[in-house]
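Peer 1:
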Amino acid sequence: MALPATMTSHPAVIWRFTDGKAGHEIQSRGLLAALSRHIACLVFEIPPLPLSHALGYLLRRRFPPGVDLPDPSLLVGAGHATHLTMLAARHARGGKIILLMQPTLPCRWFDLCLIPDHDDPPSSLKNVIVTCGPLNDLSRAQAADPNQGLILIGGTSRHFHWNDAEILEQISKVCATDIRWTMTDSRRTPPTTRDSLSRLNRENVAYVSSVGTGPDWLRMKLQECGTVWVTPDSMAMIHEALTAGAAVGLFRLKPRGSNKISRAIGKLAAERLVTLYDDWLAGRSLVKAGEPLDEAERCARLIIQRFGLGATNSINSA
Numbered sequence: 014m015a016l017p018a019t020m021t022s023h024p025a026v027i028w029r030f031t032d033g034k035a036g037h038e039i040q041s042r043g044l045l046a047a048l049s050r051h052i053a054c055l056v057f058e059i060p061p062l063p064l065s066h067a068l069g070y071l072l073r074r075r076f077p078p079g080v081d082l083p084d085p086s087l088l089v090g091a092g093h094a095t096h097l098t099m100l101a102a103r104h105a106r107g108g109k110i111i112l113l114m115q116p117t118l119p120c121r122w123f124d125l126c127l128i129p130d131h132d133d134p135p136s137s138l139k140n141v142i143v144t145c146g147p148l149n150d151l152s153r154a155q156a157a158d159p160n161q162g163l164i165l166i167g168g169t170s171r172h173f174h175w176n177d178a179e180i181l182e183q184i185s186k187v188c189a190t191d192i193r194w195t196m197t198d199s200r201r202t203p204p205t206t207r208d209s210l211s212r213l214n215r216e217n218v219a220y221v222s223s224v225g226t227g228p229d230w231l232r233m234k235l236q237e238c239g240t241v242w243v244t245p246d247s248m249a250m251i252h253e254a255l256t257a258g259a260a261v262g263l264f265r266l267k268p269r270g271s272n273k274i275s276r277a278i279g280k281l282a283a284e285r286l287v288t289l290y291d292d293w294l295a296g297r298s299l300v301k302a303g304e305p306l307d308e309a310e311r312c313a314r315l316i317i318q319r320f321g322l323g324a325t326n327s328i329n330s331a
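Following this note's numbering, the numbering of the sequence shown begins with 14 at its first residue and continues without gaps.
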């Protein structure tokens, strides 16, 4: 799919709506970075308004937070708190809304919805692009070391039963290799699990608490490590590892019945994008996905084509 190789002298004005949540920040940052590789972008950040304020501005066709900003070409956001604010902004100032999630409001109210496949999106709608997992701001690693590995531990979720003993046993078996492992947790990791991880006594394993890591730490480690093991409760971490081009293994957790995340894990395994722990235990090697996974790049190209960006960037509509 050919795209303009040169930047336009008329940058696309993008209003980015952020609610401060790390996962949502990563999604919109990844899309904006991909867009900026192809077209000139001028980005302004706007926090979501209280619902009563957003509804009032929507009804009166006013948007005071953007009064000093140029009219937007695109309004990009993730997080339910941003939806009504984005609708109010478009009604007052125009532009196309790009929503990075499954909305609770009707999809037809937005110009384009980028919805992860595990959320069972209404794929028949013309304004829906189904993505393989949530977007992220990772890029494919160019010099990852196959002898360095990364273990990403999630925690309690509504989709899986968490079991400290089973997870620790699986980690011990994975770490019984010559690979040098770095292991970290997340905000959902139970304190008992963190304590056990910190006391794991192996020379080839370094435990780094997520509490002490900076915002770029994980991105840097994913550029360095050729092998990544992840607990299946975090679709974001799984797809970040896949986007980085690592060979990805998934630990075993018991699903809470049949649910959308466990079904998505089965689909990833069937497509050989990931290797399940029990398959690895039976002798299957972890392998990198054949085709690079870069959903932010794919979506950016589709957005540029769909809305005619790159020439005049004049796509405002009431």
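Glycine included, every Cβ here is placed at the ideal spot set by N, Cα and C.
1. Could you give the first and the last residue of the continuous beta strand (DSSP E) run that contains residue 27?
2. In three-state terms, what does DSSP make of residue 117?
3. Rounded to a whole number of angstroms, what is the C-alpha to C-alpha distance between residue 170 and residue 28?
4. Give me whichever residues DSSP pairs with residue 267 in a beta bridge.
5. Return helix, strand or coil for residue 322, following the three-state DSSP convention.
6. For residue 148, which residues of its own chain have a beta-carbon under 7 Å away from its beta-carbon, when the five flanking residues on both sides are left out?
7. When the cut-off is 9 Å and only beta carbons count, does residue 44 lie next to chain C?
8. With residue 261 and residue 299 assumed to form a contact (beta carbons below 8 Å), what rounded beta-carbon distance in angstroms separates them?
9. My parser needs the alpha helix (DSSP H) runs of 4 or more residues fully inside the stretch 76–125; what are they?
10. Using a threshold of 9 Å, state whether the C-beta atoms of residue 289 and residue 278 are closer than that.
11. Could you check what DSSP says for residue 187 in three-state terms: helix, strand or coil?
12. Closer than 8 Å by C-beta to residue 186: which residues in its own chain qualify, once you throw out the five before and the five after it? Chain order, please.
13. Residue 197 by DSSP, collapsed to three states: which one?
14. Check whether the stretch 171–181 and the stretch 63–76 touch, using three or more Cβ-Cβ pairs below 8 Å as the test.
15. Rounding to the nearest angstrom, what Cα-Cα distance links residue 214 and residue 190 in this structure?
16. Would you decide whether residue 241 is buried or exposed? Buried here means 16 or more other CB atoms lie within 10 Å of its CB.
17. Would you kindly report the start and end of the unbroken alpha helix (DSSP H) that includes residue 240?
18. What did DSSP end up calling residue 161 once you bin it into helix, strand or coil?
19. Can you give the Cα-Cα distance for residue 263 and residue 245, rounded to whole angstroms?
20. Suppose you measure from the CA of residue 314 to the CA of residue 48; what does that come to, to the nearest Å?
21. What residues in its chain sit with their C-beta under 6 Å from that of residue 193, if we drop five residues either side in the sequence?
22. Quick one: grab the DSSP three-state call for residue 218.
23. Of all the options 120, 233, 208, which has the alpha carbon lying nearest to the alpha carbon of residue 100?
24. What are the residues that DSSP puts in a beta bridge with residue 289?
25. Name the one or two DSSP bridge partners that residue 224 has.
26. Drop a sphere of 10 angstroms on the beta-carbon of residue 86, count the other beta-carbons inside from all chains shown, and report buried for 16 or more, exposed for fewer.
Peer 2: On the basis of the supplied data:
1. 25–30 is the extent of the beta strand (DSSP E) around residue 27.
2. If DSSP states are grouped into helix, strand and coil, residue 117 belongs with coil.
3. C-alpha of residue 170 to C-alpha of residue 28: approximately 33 Å in a straight line.
4. According to DSSP, which records beta bridges pairwise, residue 267 is partnered with 174.
5. Per DSSP, reduced to three states, the secondary structure at residue 322 is coil, with no helix or strand assignment.
6. Once the five neighbours on either side are set aside, the close Cβ partners of residue 148 are 40, 43, 44, 113, 127, 308, 309, 312.
7. You won't find chain C in this structure, because it holds only one protein chain.
8. At roughly 7 Å, the Cβ-Cβ gap stays under 8 Å, so residue 261 and residue 299 are in contact.
9. Whole alpha helix (DSSP H) segments, 4+ residues: 96–106.
10. Yes, the pair counts as a contact, with Cβ atoms nearer than the cut-off.
11. Looking at residue 187 - three-state DSSP - the assignment turns out to be helix.
12. Cβ within range, chain order: 294.
13. Of the three classes helix, strand and coil, the one that applies to residue 197 here is strand, per DSSP.
14. Not touching, per the Cβ criterion.
15. Across the structure, residue 214 and residue 190 are spaced so that their CA atoms are roughly 14 Å apart.
16. It counts as buried.
17. Taken as a continuous stretch (DSSP letters only), residue 240 belongs to no alpha helix (DSSP H), being part of the beta strand (DSSP E) at 238–243.
18. DSSP places residue 161 in strand when its eight states are reduced to three.
19. Whole-angstrom Cα-Cα distance: 6 Å.
20. The straight-line gap separating the alpha-carbon atoms of residue 314 and residue 48 is approximately 7 Å.
21. Answer for residue 193: 161, 217, listed in chain order.
22. Strand, per DSSP.
23. Ranking 120, 233, 208 by Cα distance to residue 100 puts 120 first.
24. Residue 289 is bridged to 263.
25. Paired residues: none, contrary to the question.
26. Looking at its Cβ environment, which holds 16 or more other Cβ atoms inside 10 Å, residue 86 is buried.
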